[in-house]
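Counted from 1, the sequence shown has number 223 at position 223 by full-length UniProt numbering; the numbering is strictly sequential. A virtual CB, placed ideally from N, CA and C, is assigned to each residue, including glycine. Quick caveat, the model's predicted, so the values are computed rather than measured. Shown next, in structure tokens, is the structure this report addresses.
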Amino acid sequence: MGSYRMCVCFTRKFKVTEATPPPDIKDAFNRYAEGGPHMTAEQLHRFLVDVQGQGLATKGAAEGIVQQLLHKRHHMAKFRRHALTLDDFHHYLFSADLNPPIGDQVHHDMTAPLSDYFIYTGHNSYLTGNQLSSDCSDVPIIKALQRGVRVVELDIWPNSTKDDVHVLHGRTLTTPVELIKCLKSIKEHAFSASPYPVVITLEDHLTPDLQAKVAQMVTQTFGKMLFCPDSECFKELPTPEKLKYRIIISTKPPKEYLEAEGNKRKMNNSHNVKESDDDVWGKESAELTVDQEDDKVRLETE
1 MGSYRMCVCF
11 TRKFKVTEAT
21 PPPDIKDAFN
31 RYAEGGPHMT
41 AEQLHRFLVD
51 VQGQGLATKG
61 AAEGIVQQLL
71 HKRHHMAKFR
81 RHALTLDDFH
91 HYLFSADLNP
101 PIGDQVHHDM
111 TAPLSDYFIY
121 TGHNSYLTGN
131 QLSSDCSDVP
141 IIKALQRGVR
151 VVELDIWPNS
161 TKDDVHVLHG
171 RTLTTPVELI
181 KCLKSIKEHA
191 FSASPYPVVI
201 TLEDHLTPDL
211 QAKVAQMVTQ
221 TFGKMLFCPD
231 SECFKELPTP
241 EKLKYRIIIS
251 TKPPKEYLEA
261 EGNKRKMNNS
271 HNVKESDDDV
281 WGKESAELTV
291 DQEDDKVRLE
301 TE
């Protein structure tokens with residue numbers, strides 16, 4: 001009977017875990033649930049009055065929130081328990097339908113320099129899933145902009161034939177998406193949730209020729225929407241109010257460049273330290289030779 005070789009292939013799938021409730025929400029839940037695993041409608045009512053400041057909220061309204069939330073999350077018509085778990089409570093606090101914001105319009109002063117504000121920022125905005133094997137697409141970018149994200153990050157690399165530009169998470173198994181498709185989607189959806197500026201951060205891994213191609217893509221796609229400063233130096237950045245409905249391009253050097261620059265700085269620093277030592281101690285004007293005779297050391301200056 002002959003011998004055979006067998007090759008077995010396995011597919012590994014990566015799962016993205018959902019964010020767990022932060023400590024302050026856990027503390028609030030434990031406090032009003034009195035240390036138990038569930039929060040009743042009566043306990044939720046106390047939370048609405050004490051913490052949310054909804055003095056006019058009734059126990060009936062709290063019971064309605066519990067029923068709506070359980071039906072929405074668990075898709076069941078009847079429940080053995082009429083109480084919320086920690087995850088239910090977390091979901092309720094961030095539900096735009098059940099717990100809408102008091103004001104849905106910007107009411108802060110938006111006339112200070114852009115650097116004075118916290119900005120809702122996305123990371124690897126083009127990924128549909130994990131950073132190792134998921135697809136790259138413009139769909140997550142559209143969803144992020146619809147949520148109000150104001151900074152979109154795009155990692156740009158040459159395509160396989162080195163004549164076009166793709167967006168992908170470099171040196172992984174992610175499948176790329178064309179840069180031009182992402183730019184057009186940003187233009188269409190940039191201001192669907194907010195009129196304030198959108199910043200596109202480009203992590204650049206391109207050759208000079210492809211960089212020029214990207215510059216042409218950006219200017220042709222966004223046209224007058226593109227913010228082009230009058231000078232290269234600012235005493236202070238423009239205000240969000242002045243930058244309404246504008247697109248700002250920010251370039252982010254790749255890690256390889258940053259590492260190379262870091263090594264250069266280290267070498268320069270060590271060189272400066274050596275020169276500083278020379279200034280303090282003086283430069284050697286002669287060579288010193290050391291001879292050892294009869295356990296004595298003699299220095300001779302040539």
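Going by beta carbon distance, what residues of the same chain come within less than 7 Å of residue i, once the five residues before and after it are set aside?
| i | result |
| --- | --- |
| Leu86 | Pro21, Lys26 and Phe29 |
| Leu173 | Leu132 and Ser133 |
| Val280 | In this predicted model, Val280 has a pLDDT of only 45, less than 50, meaning its place in the structure is not dependable; the value taken from the coordinates is given anyway. Here the set comprises nothing. |
| Arg5 | none |
| Arg73 | Asp88 and His91 |
| Ala57 | His45, Leu48 and Val49 |
| Tyr117 | Pro240 |
| Ile141 | Ser125, Tyr126, Val152, Cys182, Ser185 and Ile186 |
Could you give the residue range of the beta strand (DSSP E) that holds residue i?
| i | result |
| --- | --- |
| Glu34 | Run containing Glu34: none; DSSP gives neither H nor E here. |
Excluding the 5 residues preceding and the 5 following residue i in the sequence, name in chain order all residues of the same chain whose CB lies nearer than 6 Å to its CB.
| i | result |
| --- | --- |
| Ile180 | Met217 |
| Glu241 | Met110 and Thr111 |
May I ask which residues mark the beginning and end of the alpha helix (DSSP H) holding residue i?
| i | result |
| --- | --- |
| Lys252 | No alpha helix (DSSP H) contains Lys252, which is instead part of the beta strand (DSSP E) from Ile247 to Lys252. |
| Ile65 | Lys59 to His74 |
| Val49 | Ala41 to Asp50 |
| Phe89 | Leu86 to Leu93 |
Between which residues of its own chain and residue i is the CB-CB distance below 8 Å, once the five residues before and five after are set aside?
| i | result |
| --- | --- |
| Asn124 | Gln131, Glu153, Asp155 and His169 |
| Arg150 | Ile119, Tyr120, Thr121, Ser194, Tyr196, Pro197, Val198 and Val199 |
Just tell me which of the options has its CA closest to the CA of residue i.
| i | options | result |
| --- | --- | --- |
| Ala61 | Phe191, Lys72, Gln43 and Tyr120 | Gln43 |
| His189 | Asn263, Lys72 and Lys143 | Lys143 |
| Gly122 | His166, Thr219 and Ile200 | Ile200 |
| Lys252 | Leu237, Leu206 and Asn159 | Leu206 |
| Pro176 | Leu127, Met267, Arg73 and His45 | Leu127 |
| Leu69 | Phe94, Thr58 and Gly53 | Phe94 |
| Asp104 | Val139, Gly148 and Glu63 | Gly148 |
| Gly36 | Gly223, Ala83 and Glu63 | Ala83 |
| Lys235 | Ser115, Pro158 and Asn159 | Ser115 |
Hey, how far is the Cα of residue i from the Cα of residue j?
| i | j | result |
| --- | --- | --- |
| Asp97 | Val66 | 13 Å |
| Asp163 | Leu210 | 7 Å |
| Ser231 | Val51 | 49 Å |
| Tyr92 | Ala193 | 22 Å |
| Pro113 | Cys228 | 16 Å |
| Glu34 | Pro101 | 27 Å |
| Ala260 | Gln146 | 38 Å |
| Ala77 | Phe191 | Residue placement at Ala77 is flagged as unreliable, the pLDDT there being 47, under the threshold of 50; a coordinate-derived value is accordingly withheld. |
| Glu203 | His71 | 44 Å |
| Arg31 | His166 | 50 Å |
| Ser3 | Ile186 | 58 Å |
| Ile248 | Gly55 | 44 Å |
| residue 307 | Ser137 | Coverage of the chain is limited to positions 1 through 302, which leaves residue 307 absent and any answer about it impossible. |
Threshold first: 4 residues or longer. Then list the alpha helix (DSSP H) segments lying entirely within the segment 165 to 210, N to C.
179 to 189
In the segment 132 to 167, which residue ranges form an unbroken beta strand (DSSP E) of at least 3 residues, counting only runs that do not cross its ends?
151 to 158 and 165 to 167
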